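Some notes on the structure that comes next.
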């Protein structure tokens with residue numbers, strides 16, 4: 038701090054010394070005139086170099102210099118007195134102005150340093166261009182993202198950071214905006230493709246702001262690399278697929294005994310028909326027609342068993358999400374047939390109320406059937422201890438959407454979990470994990486639908502989920 042003060046006042050003294058040399062050189066020409074204007078450069082230098090104090094110090098030194106050269110003429114000549122008095126006032130005023138300018142300069146440097154520190158640490162890349170597409174600023178995050186140094190980019194067209202065909206078309210985008218004022222990215226944002234210095238491309242989210250400074254337009258772009266986000270989304274999708282698959286396996290484990298019973302029926306029938314055919318063949322007069330009927334029945338039962346196994350394999354199979362055009366009623370009927378395996382033994386009365394000739398849907402068949410199966414199995418379990426066991430299932434067209442309904446006459450939904458029913462790990466079952474309904478909501482919402490639960494006026498609960506119909510005439 039003391040070194041700084043010595044520098045400021047030393048500079049003022051040096052300026053005054055130069056003024057002394059100049060005054061001595063001009064003394065033969067000035068004679069008894071003060072002519073303080075020759076000291077003003079020294080005062081201005083001291084004011085801007087050190088502020089008010091050094092400027093006042095330099096003013097005092099210059100007054101001493103004038104008094105030394107003028108002697109009695111300083112007092113006897115009224116013009117000199119006026120000149121000296123004016124100079125004694127102007128010097129401190131210049132010092133005050135110098136102080137203000139120095140403070141503003143310091144504040145400007147501080148703001149610049151503060152802004153630069155923000156630009157160097159902000160996680161998103163920032164690029165400033167003018168209305169000709171020339172890069173004016175390239176932040177540290179942009180250096181890390183694109184791999185170019187500021188000297189490689191600043192002063193060049195921003196299209197350098199884009200792959201073809203965007204590189205060739207970028208200037209035309211700016212020209213179109215300046216001509217029409219139509220905003221396609223500015224203030225809106227968009228996902229675009231960038232190119233790094235090594236030629237590799239990556240997806241990025243671009244947000245652009247516009248500023249007008251003294252009639253000159255600038256565009257500031259904030260860029261976020263989406264490469265990691267896309268990877269996380271893919272991983273999340275994979276984990277969700279794993280969870281959905283585990284849910285199906287869990288459901289199948291719970292249905293194992295019912296499945297065994299359902300498969301046992303056609304197998305027992307096949308055995309009986311084949312034994313009957315064998316007995317007919319062993320008789321004295323084999324009846325070909327009766328033998329043929331027995332074999333035909335055996336074939337039908339074998340096909341029935343095969344169809345049950347096929348549906349189970351399709352349901353349990355783990356594979357990629359695959360959307361297809363499906364009929365809502367057919368899809369629901371297949372899900373009901375799968376979910377009701379063994380339900381007759383539990384005394385459940387099933388009723389289906391559905392609209393006919395419903396439009397098709399574009400869905401993942403297995404996932405939507407999983408939703409219906411989960412809801413139906415939950416309804417059957419909810420009625421296990423109830424004397425009245427009526428299950429109503431259907432699909433209809435409501436407000437332009439396919440609305441699937443599963444209603445039961447069970448114990449209903451308790452008030453303490455009604456608002457959290459579709460959240461993970463919330464369950465009303467004694468040994469339930471609480472992920473079934475959460476998975477149902479995830480599947481339905483991923484298809485653009487919505488799922489809700491409400492109390493059944495006749496006792497029990499009603500679950501409904503909606504799905505959009507396919508617009509087969511729409512171009513993709």
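In the numbering used here, the protein residues as written are 38 to 513. Every residue gets a Cβ at the ideal spot worked out from N, C-alpha and C, and that includes glycine. In this text the structure is predicted, and so the values were computed from the model without any measurement.
**OP:** Identify whether residue 446 lies in helix, strand or coil by the three-state DSSP scheme.
**Re:** Here residue 446 refers to the residue found at position 409 when the chain shown is read from its first residue. Looking at residue 446 - three-state DSSP - the assignment turns out to be coil, as it is neither helix nor strand.
- On the three-state DSSP scale, how would you describe residue 459? Indexing the chain shown from 1 puts residue 459 at position 422. Residue 459 falls in the coil class under three-state DSSP.
What are the partner residues of residue 82, as DSSP defines its beta bridges?
As a working note, residue 82 is residue 45 in the chain shown. Answer is none; residue 82 lacks a bridge partner.
DSSP on residue 507, reduced to helix/strand/coil? The residue given as residue 507 occupies position 470 in the chain shown. Residue 507: coil per DSSP, three-state reduction.
| request: Pick helix, strand or coil for residue 361, following the three-state DSSP scheme. | output: Against the chain shown, residue 361 aligns to sequence position 324. Three-state DSSP puts residue 361 in a strand.
message: Give me, in chain order, the residues of the same chain whose beta-carbon lies closer than 7 Å to that of residue 469; leave out the 5 immediate sequence neighbours on both sides.
response: Walking along the chain shown from the start, residue 469 turns up at place 432. Here residue 469 scores only 44 on pLDDT, less than 50, and its place in the model is too uncertain to base an answer on.
_Exposure label - residue 333; buried when at least 16 CB within 10 Å_ = Start at 1 with the first residue of the chain shown, and residue 333 comes out as number 296. Residue 333 is exposed by the Cβ-count criterion.
Considering only DSSP beta bridges, list what residue 429 is partnered with. For the purposes of this step, residue 429 is taken as the residue at position 392 of the chain shown. Per DSSP, 388, 444.
Q) For residue 439, does the three-state DSSP call read helix, strand or coil? A) As a working note, residue 439 is residue 402 in the chain shown. Of the three classes helix, strand and coil, the one that applies to residue 439 here is strand, per DSSP.
| said: Let me check understanding here. Comparing Cα to Cα, which of 264, 245, 246 lies closest to residue 237? | reply: Here residue 237 corresponds to residue number 200 of the chain shown, with the count starting at 1. That would be 264, whose Cα lies nearest to the Cα of residue 237.
With a cut-off of 8 Å, do at least 3 Cβ pairs link the region 408-416 to the region 364-377?
yes
Checklist entry - So what does DSSP say about residue 54, is it helix, strand or coil? => result Here residue 54 refers to the residue found at position 17 of the chain shown. DSSP places residue 54 in helix when its eight states are reduced to three.
Would you kindly work out how many angstroms separate the C-alpha atoms of residue 79 and residue 108, rounded to a whole number? Residue numbering aside, residue 79 sits at position 42 when the chain shown is read from its first letter. Residue numbering aside, residue 108 sits at position 71 when the chain shown is read from its first letter. One C-alpha to the other measures close to 22 Å.
Check your understanding: Would you call the CB atoms of residue 328 and residue 340 closer than 8 Å?
Key -> Along the chain shown, read from residue 1 onward, the residue named residue 328 stands at position 291. Along the chain shown, read from residue 1 onward, the residue named residue 340 stands at position 303. The answer is no: Cβ separation not under 8 Å.
Next item on the list: Buried or exposed for residue 480, please, with buried defined as at least 16 other CB atoms from any protein chain shown within 10 angstroms of its CB.
Entry: Counting from 1 along the chain shown, the entry for residue 480 is found at position 443. Under this definition residue 480 is a buried residue.
query = So what does DSSP say about residue 306, is it helix, strand or coil?
reply = By one-based count along the chain shown, residue 306 stands at place 269. Three-state DSSP puts residue 306 in a helix.
Within 10 angstroms of the Cβ of residue 304, are there 16 or more other Cβ atoms? Answer buried if so, exposed if not.
-> Looking up residue 304 in the chain shown gives position 267. Label assigned to residue 304: exposed.
Quick test of your reading: residue 363 and residue 402, contact by CB under 8 Å. State the CB separation rounded to the nearest angstrom. Numbered from 1 along the chain shown, position 326 holds the residue referred to as residue 363. Numbered from 1 along the chain shown, position 365 holds the residue referred to as residue 402. Indeed, because the Cβ distance is near 5 Å, the residues count as touching under 8 Å.
Worksheet item: Which one or two residues does DSSP pair with residue 332 in a beta bridge?
Response: Position 295 of the chain shown holds residue 332. DSSP lists no partner for residue 332.
- Taking the alpha-carbon positions, what's the residue 440 to residue 500 distance? By 1-based counting over the chain shown, the position of residue 440 is 403. By 1-based counting over the chain shown, the position of residue 500 is 463. Residue 440 and residue 500: Cα-Cα distance of roughly 10 Å.
Worksheet item: Going along the chain, which residues of its own chain have a beta-carbon closer than 7 Å to the beta-carbon of residue 182, five neighbours each way excluded?
Response: Sequence index remark: in the chain shown, residue 182 carries index 145 (1-based). Contacts found: 162, 260, 262.
- Would you call the region 230-245 and the region 206-213 touching, i.e. three or more CB-CB distances under 8 Å? no
Practice item. Say yes only if the C-beta of residue 128 is nearer than 7 Å to one or more non-hydrogen atoms of the ligand HEM, and no if none qualify. Key: Within the structure as shown, the ligand HEM is missing, as the structure has no ligands at all.
query: If you scan the region 191-242 from start to end, which runs of the alpha helix (DSSP H) of 4 or more residues do you find wholly inside it?
result: 203-217
Within the same chain, show all residues whose beta-carbon is closer than 8 Å to that of residue 397, passing over the 5 residues directly before and after it, in chain order. If you number the chain shown from 1, residue 397 lands on position 360. Closer than 8 Å at the Cβ level, and outside the excluded window around residue 397, lie 362, 363, 364, 365, 506, 507, 509.
Problem - Under the three-state DSSP convention, the category residue 478 falls into - result: Numbered from its first residue, the chain shown carries residue 478 at position 441. Looking at residue 478 - three-state DSSP - the assignment turns out to be helix.
query = Where residue 471 and residue 186 are concerned, what is the direct C-alpha to C-alpha distance, given to the nearest angstrom?
reply = Position 434 of the chain shown, counting from 1, holds the residue named residue 471. Position 149 of the chain shown, counting from 1, holds the residue named residue 186. Unreliable placement is indicated for residue 471, whose pLDDT of 48 sits below 50; the coordinate value is still reported in the next sentence. Near 53 Å, if we compare the C-alpha coordinates of residue 186 and residue 471.
inquiry  = So, at 7 Å on beta carbons, what are the nonlocal neighbours of residue 86 in its own chain, with the 5 sequence-adjacent residues on each side left out?
reply    = Within the chain shown, residue 86 is the residue found at index 49, counting from 1. Contacts found: 45, 48.
With a threshold of 6 Å on Cβ separation, who are the neighbours of residue 433 within its own chain once the five nearest residues in sequence on each side are excluded? Here residue 433 corresponds to residue number 396 of the chain shown, with the count starting at 1. Once the five neighbours on either side are set aside, the close Cβ partners of residue 433 are 392, 440.
Here's a check: name, in chain order, each residue in its chain whose Cβ is nearer than 8 Å to the Cβ of residue 498, leaving out the five neighbours to either side. Mapped onto the chain shown, residue 498 falls at position 461. So the list reads 416, 419, 444, 445, 447, 449, 450, 490, 491, 492, once near-sequence residues are dropped.
> What's the C-alpha gap between residue 198 and residue 159?
Replying inline: Translated into the one-based positions of the chain shown, residue 198 becomes position 161. Translated into the one-based positions of the chain shown, residue 159 becomes position 122. Computed Cα separation, rounded: 20 Å.
Buried or exposed (CB count within 10 angstroms, at least 16 for buried), residue 118 = By one-based count along the chain shown, residue 118 stands at place 81. Burial call: exposed.
- prompt: How would you label residue 435, buried or exposed, when you count the other beta carbons within 10 angstroms and need 16 or more for buried?
  reply: Counting from one through the chain shown, the residue named residue 435 turns up at place 398. Counting Cβ neighbours within 10 Å, residue 435 comes out exposed, since fewer than 16 surround it.
- Using the rule of at least 16 other Cβ atoms within 10 Å of the residue's Cβ for burial, across every protein chain shown, is residue 335 buried or exposed? Within the chain shown, residue 335 is the residue found at index 298, counting from 1. When all chains shown are included, residue 335 counts as buried.
*Would you identify the three-state DSSP class for residue 176, choosing helix, strand or coil?*
What you label residue 176 is simply residue 139 of the chain shown in a count that begins at 1. Looking at residue 176 - three-state DSSP - the assignment turns out to be coil, as it is neither helix nor strand.
Starting from the N-terminal side, write out each stretch of the alpha helix (DSSP H) that is 4 residues or longer and does not extend beyond the region 103-155.
-> 110-113
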